[in-house]
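Trainee:
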Amino acid sequence: MTENDGIGSTGGGGERRAGRRPVTSRSEIEHIALEMFSDQGFEHTTVDDVAHAAGIGRRTFFRYFASKNDIAWGAFDEQLVRMRAVLAAQPSDLPTLEGVRRAVLEFNHVEPDEQPWHRRRLRLILQTPALQAHSTLRYASWREVVADYVAERRGGDASDLVPQSIGHACLGVCIAAYERWLADDGSELADLLDEVLRALQRGWVTELP
Numbered sequence: 088m089t090e091n092d093g094i095g096s097t098g099g100g101g102e103r104r105a106g107r108r109p110v111t112s113r114s115e116i117e118h119i120a121l122e123m124f125s126d127q128g129f130e131h132t133t134v135d136d137v138a139h140a141a142g143i144g145r146r147t148f149f150r151y152f153a154s155k156n157d158i159a160w161g162a163f164d165e166q167l168v169r170m171r172a173v174l175a176a177q178p179s180d181l182p183t184l185e186g187v188r189r190a191v192l193e194f195n196h197v198e199p200d201e202q203p204w205h206r207r208r209l210r211l212i213l214q215t216p217a218l219q220a221h222s223t224l225r226y227a228s229w230r231e232v233v234a235d236y237v238a239e240r241r242g243g244d245a246s247d248l249v250p251q252s253i254g255h256a257c258l259g260v261c262i263a264a265y266e267r268w269l270a271d272d273g274s275e276l277a278d279l280l281d282e283v284l285r286a287l288q289r290g291w292v293t294e295l296p
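Residue numbers for the sequence shown follow the working numbering, beginning at 88 and rising by one.
#1: Which term fits residue 164, buried or exposed, when burial requires 16 or more other beta carbons within 10 angstroms of its beta carbon?
#2: Using 8 Å as the cut-off, can you tell me whether the segment 207-218 makes contact with the segment 278-291, which would need three or more C-beta pairs spanning the two stretches below that distance?
#3: Just mark residue 187 as buried or exposed, buried being the case when its beta carbon has 16 or more other beta carbons within 10 Å.
#4: Taking C-alpha atoms, which residue in 194, 248, 239, 284 lies nearest to residue 167?
#5: For the segment 129-137 against the segment 192-207, are there 3 or more C-beta pairs whose distance is under 8 Å?
#6: When the Cα of residue 319 is compared with those of 264, 182, 139, 284, which residue comes out closest?
#7: When burial is assigned at 16 or more other CB atoms within 10 Å of the CB, is residue 130 buried or exposed?
#8: Note down, in chain order, each residue of its chain lying with its Cβ closer than 8 Å to the Cβ of residue 231, except the 5 sequence neighbours on either side.
#9: With burial defined as no fewer than 16 other Cβ atoms inside 10 Å of the residue's Cβ, what is the status of residue 176: buried or exposed?
#10: From which residue to which residue does the alpha helix (DSSP H) around residue 255 run?
#11: Nearest to residue 287 by alpha carbon, out of 205, 262, 257, 272?
#12: Put residue 143 into one of helix, strand or coil per three-state DSSP.
#13: The alpha helix (DSSP H) spanning residue 186 covers which residue range?
#14: Buried or exposed: where does residue 104 fall if 16 or more other Cβ atoms within 10 Å of its Cβ makes it buried?
#15: State the start and end residues of the unbroken alpha helix (DSSP H) segment that holds residue 117.
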């Protein structure tokens, strides 16, 4: 029995065309899954459905993703590592929230050909009730990166009120920008994020170096 044996046909978006080559990258699996989630619903699409449509087995799927919930987040953990590195590389004389703004814009950079998929990804994360508990954990990890940077710049602890508040505030304005982007097909995500992050900078200017 091969790795693919025992994975049933789903019909509809999950039906794999005969002769289609198995996908070979996480990005390809994400795209297939995001399309299936859009077509038939997140809760009605199983890991087996995605694996079958991609022409891979369950074991291969779980090499890329810990669970179905993780598909929507893509390379989130790797992006957080990169975001920490971007923050760490900011000049010491740069205002704290300017460093955060630059790192967040870098974190949210999406190539033009990937933007339609990113819209599907954000819509899934923000509008799927079944993902909210999982999203809460991801949000906490993101806020921790911001709080750690702010605390280092202020000489305090990341659990202090101001670093925690800035982490929450930055996440809040980013989510507002994501929601506006999803509602307005003609908008640019980078412009929306830049606008709200600059507004946040003005509000915190008296509290930070």
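Even for Gly, the Cβ is constructed at its ideal location relative to N, Cα and C.
Mentor: Taking the coordinates as given:
#1: Label assigned to residue 164: exposed.
#2: No, they do not touch.
#3: So residue 187 ends up on the buried side.
#4: Checked all of 194, 248, 239, 284; the closest Cα to residue 167 is 194.
#5: The segment 129-137 is not in contact with the segment 192-207.
#6: No answer is possible for residue 319: it lies beyond the span of the chain, which begins at 88 and ends at 296.
#7: Burial state of residue 130 is exposed, judged by a 10 Å Cβ sphere holding fewer than 16 other Cβ atoms.
#8: Once the five neighbours on either side are set aside, the close Cβ partners of residue 231 are 245, 254.
#9: Exposure of residue 176 is indicated by the presence of fewer than 16 other C-beta atoms within 10 angstroms of its C-beta.
#10: First-last of the alpha helix (DSSP H) with residue 255: 248-270.
#11: Minimum Cα-Cα distance from residue 287 among the listed residues 205, 262, 257, 272 corresponds to 257.
#12: Residue 143: coil per DSSP, three-state reduction.
#13: It spans 183-194 - the alpha helix (DSSP H) in which residue 186 sits, taken as one unbroken run.
#14: Because the pLDDT of residue 104 is 42, which lies under 50, any placement of that residue in the model is unreliable, and the number read from its coordinates should be weighed accordingly. Counting Cβ neighbours within 10 Å, residue 104 comes out exposed, since fewer than 16 surround it.
#15: Annotation for residue 117: the continuous alpha helix (DSSP H) segment containing it runs 113-127.
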